[in-house]
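These notes are about the structure you will find just below.
Residue numbers (full-length UniProt numbering): 1 to 310.
Okay, structure coming up:
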């Protein structure tokens with residue numbers, strides 16, 4: 001066999017027998033090739049060990065390795081966002097609107113953690129008549145031709161139903177059983193403003209704030225004109241740390257159920273009391289009349305919803 005031809009009859013290698021890499025002792029890009037002398041790579045014998053070192057003999061069939069320094073990722077600056085305290089901002093806003101905010105100082109009674117309705121110095125206005133809702137003959141799945149129909153983005157947007165306006169992206173109502181519901185109430189001083197009253201936690205009809213598209217029923221608690229009871233004297237400390245006396249007033253409400261998608265009336269929940277038997281730990285009051293109004297009783301609301309939706 002001739003030594004002038006490689007195996008398999010290929011052309012001869014003009015570089016055969018030539019050493020790899022630069023001349024001995026010549027650095028490449030300013031750095032020597034390979035790891036430290038005699039250092040194995042990943043537990044295997046180092047075919048490149050000692051490259052560029054005195055007495056190094058290149059093993060045939062191996063090319064010197066190349067190395068690259070790792071690139072450090074850029075660091076990100078994270079800003080710190082500091083928000084204003086919600087409570088302080090609310091108190092400041094109410095003060096500008098002529099509404100006082102007081103906290104209990106002379107009475108140890110506890111009350112429902114939900115704050116009572118906000119009282120303002122504006123004159124009571126008329127409430128929207130829900131009779132503008134669609135006729136009972138209209139299908140629950142059909143949205144009425146109402147220019148004031150809204151598309152809800154939050155659970156609070158369902159208060160439109162209590163003003164006689166449908167919610168376009170509400171769930172269609174078919175029957176009380178299995179329906180999800182929200183409840184809202186107004187107050188003697190804010191008849192056209194409706195506040196969400198969450199009750200029935202854990203019940204089949206209970207809906208979280210981010211589940212509004214599953215809601216098909218809205219319960220509206222409307223203040224009964226002339227139902228105001230005798231006020232309870234409550235000693236409070238206002239935002240200026242001054243001791244004041246506020247009349248905490250009871251009243252009554254009428255609960256009515258509506259289909260959220262059509263604003264059509266679907267049932268009655270009866271009369272719901274707003275008792276003022278205990279002074280609350282937090283209250284908003286009218287500075288002109290020094291009155292604060294109790295909220296509808298959550299226990300009575302839940303009992304009425306159990307009866308209609310359970």
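Don't be surprised by glycine CBs; every beta carbon is placed ideally from N, CA and C. Quantities reported herein were computed from a predicted structural model and do not represent experimental measurements.
Distance from the Cα of residue 299 is smallest, within the candidate group 258, 283, 198 and 229, for 198. Under the Cβ criterion (8 Å, minimum of three pairs), the stretch 142-156 does not count as touching the stretch 273-282. Annotation for residue 219: the continuous beta strand (DSSP E) segment containing it runs 215-223. For the stretch 177-202, the full-length beta strand (DSSP E) segments reaching 3 residues or more read 180-187 and 190-196 along the chain. Here residue 145 is exposed, its C-beta having fewer than 16 other C-beta atoms within 10 Å.
Remark: C-beta atoms of residue 165 and residue 259 do not approach each other more closely than 8 Å. Under the three-state reduction of DSSP, residue 267 is assigned to strand. Around the beta carbon of residue 242, a 10 Å sphere encloses fewer than 16 other beta carbons of the protein chains shown; the residue is thus reported as exposed. The count of Cβ pairs closer than 8 Å, one atom from the stretch 217-228 and one from the stretch 244-260, reaches three, so the stretches are in contact.
For residue 307, the enclosing alpha helix (DSSP H) covers residues 298-309.
Per the coordinates, the alpha-carbon of residue 168 lies some 10 Å from the alpha-carbon of residue 158. By the CB criterion at 8 Å, residue 222 and residue 186 fall inside the cutoff.
Partner residues in the beta bridge of residue 150, as assigned by DSSP, are 167.
Under the three-state reduction of DSSP output, residue 251 falls in the strand class. The beta-bridge partner set that DSSP reports for residue 246 consists of 234.
In the DSSP assignment, the residues bridged to residue 273 are 252. When only Cα atoms are considered, residue 203 and residue 188 end up about 30 Å apart.
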